[in-house]
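Residue numbers (my numbering): 41 to 414.
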């Protein structure tokens, strides 16, 4: 042993002897506790929608069918779908979500019929092909497919599949450390929640594609992250024609350069009208609650009206301005908002979010937008 190594060993011995609480024994390694993870296959998407929804959708959830031969499959199917419903409710994937845990069906057509009877746009259901609840004594695993069905047509909107597994590896001993894996209270529930969160990602991207908010929480969240028009769908930075009210109350044309974008609301108006329809009250009441929330209290906003390309530019700008003003008057009257906090503008057809070549695209473009002012 050379002199340098000998000195280092003597120094370590002196330091250890000075520490009364340290026992350098390799026979008692440190115990590290780690939460066990879910291992899952890649998400497989077999069917996906071509078009984004034009409004908030109502959904009913039906229990999974269980193809595996096992005891009490209906209870298992209901419990697993209950986890999906809870997860997607937390993420607010749809405007209305109802779980019918005791309702059963035998075909896709029958599921769609149940959806129509409940007045729902979509039905969420599916099939469990493998289910193993090992508890604390063995591995747990779940393989399932989720089907989202159009209640009106009976056709599939989404079909996705994924499998997950949680192994029972309790301890791994090493020379210096000992790793202990802590299992959750329910390994199966953790697996199903993991799968439901994976599947929520593409559904969220689909339902939020055009930024339409359906409740107060979504409006508040959307207004918290303003963005410029130049960043919307690759749109080049530029100017947009609009119309607003002058101080004397007259209508005047303006130009907005690279405006902030806000939250879109699906507010329906009758043809060539700007008075608020009764069926628009639901979303406008959510807007009123959002603008009175602590997160947005005291801030000022611009209400923008938008139309499709039917009619002349001037006609559409004037119509969209009057519709935005009707929304303002509704909020002032029903929620006591200060009129000075609410500016109105009409952009007509100058800021479309979809193609005007189809009825679906034109309906998306007919909207009201809320923008938080800088």
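For every residue, glycine included, the Cβ atom is placed at its ideal position computed from N, Cα and C.
Here the C-alpha atom of residue 350 lies approximately 20 Å from the C-alpha atom of residue 304. About 6 Å separates the Cβ atoms of residue 92 and residue 246, confirming a contact at the 8 Å cut-off. It is roughly 24 Å from the alpha-carbon of residue 226 to the alpha-carbon of residue 138. As DSSP reads the structure, residue 229 sits in no beta bridge. In the DSSP assignment, residue 375 falls outside any beta strand (DSSP E) and within the unbroken alpha helix (DSSP H) covering 353-375. Inter-residue distance for residue 186 and residue 400 is about 27 Å (C-alpha atoms, whole angstroms). Comparing C-alpha distances from residue 343 to each of 323, 365, 322 and 353 shows the shortest one belongs to 365. When only Cα atoms are considered, residue 317 and residue 407 end up about 14 Å apart. Following the DSSP letters along the chain, one finds residue 187 inside the beta strand (DSSP E) bounded by residues 180-190. With contacts defined as CB atoms closer than 8 Å, residue 308 and residue 320 qualify as a contacting pair.
With 16 or more other CB atoms across the displayed protein chains lying within 10 angstroms of its CB, residue 384 is buried. Residue 143 is bridged by DSSP to nothing; it lacks a bridge partner. Residues of the same chain with a CB within less than 7 Å of the CB of residue 228, apart from the 5 flanking positions on each side, are 173, 180 and 182 in chain order.
Assignment of residue 387 by DSSP, reduced to helix, strand and coil, places it in the strand class. When DSSP reads this structure, residue 412 sits in a beta bridge with 341.
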